[in-house]
């Protein structure tokens, strides 16, 4: 299963990308996360249906200091994703 999303709220400058990376790696997901110029965070993950569902729940809460207002789910890409999961620029 694949999830591509843009996360909006207070998600930059609060360790959100690191939080996403650590949770994705614990769940053995492939993919990436990056900051967007508009202050949001973009990500794409791939893994088992259960792992992706759990991951989505984790990012909806975010780390301490973050505030997730909206998770916009987008059409996933067709290209292979990096493993292990990584932070990109």
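Numbering (the working numbering), first residue to last: 6 to 94.
Using N, Cα and C, we set each Cβ at its ideal position, and we do this for glycine too.
Nothing here was measured: the structure is a model prediction, and the numbers come from that model.
Check your understanding: What residue range is occupied by the uninterrupted alpha helix (DSSP H) comprising residue 144?
Key -> Any answer about residue 144 is impossible in this case: the structure gives the chain only from 6 up to 94.
Check your understanding: With residue 79 and residue 29 assumed to form a contact (beta carbons below 8 Å), what rounded beta-carbon distance in angstroms separates them?
Key -> Not really, about 17 Å apart at Cβ, beyond 8 Å.
Practice item. Count the other C-beta atoms from every protein chain shown that fall within 10 angstroms of the C-beta of residue 23, then say buried if there are 16 or more, exposed otherwise. Key: exposed
**Study point:** residue 64 burial status per 10 Å Cβ neighbour count (16 or more: buried)
**Key:** So residue 64 ends up on the buried side.
Point to revise | C-beta neighbour in chain B for residue 90, strict 8 Å | key: Considering every chain present, this structure includes no chain B. It has just one protein chain.
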